[in-house]
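Written out below as structure tokens is the structure these notes cover.
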Amino acid sequence: MSKVHQLRPADNEKITINLGHVDLGRIDLLVRDGFYSNRTDFIRT
Numbered sequence: 006m007s008k009v010h011q012l013r014p015a016d017n018e019k020i021t022i023n024l025g026h027v028d029l030g031r032i033d034l035l036v037r038d039g040f041y042s043n044r045t046d047f048i049r050t
């Protein structure tokens, strides 16, 4: 019987996202209020 392995994306893949200061401020407020643990957590979701 053959095994099936599910592929998942690499955790070390790097991307660049250009955000304005207003958007970064809104993300920081969500992080501060506990909705996300950090900016990276927000971007990954």
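If you count the sequence shown from 1, you need to add 5 to reach this note's numbering.
All C-beta atoms in this analysis are idealised placements derived from N, C-alpha and C, irrespective of residue type, glycine included.
Using beta-carbon positions only, say whether residue i and residue j come within less than 9 Å of one another.
| i | j | result |
| --- | --- | --- |
| R44 | L29 | yes |
Which of helix, strand or coil does DSSP assign to residue i?
| i | result |
| --- | --- |
| L29 | helix |
| D46 | helix |
| L24 | coil |
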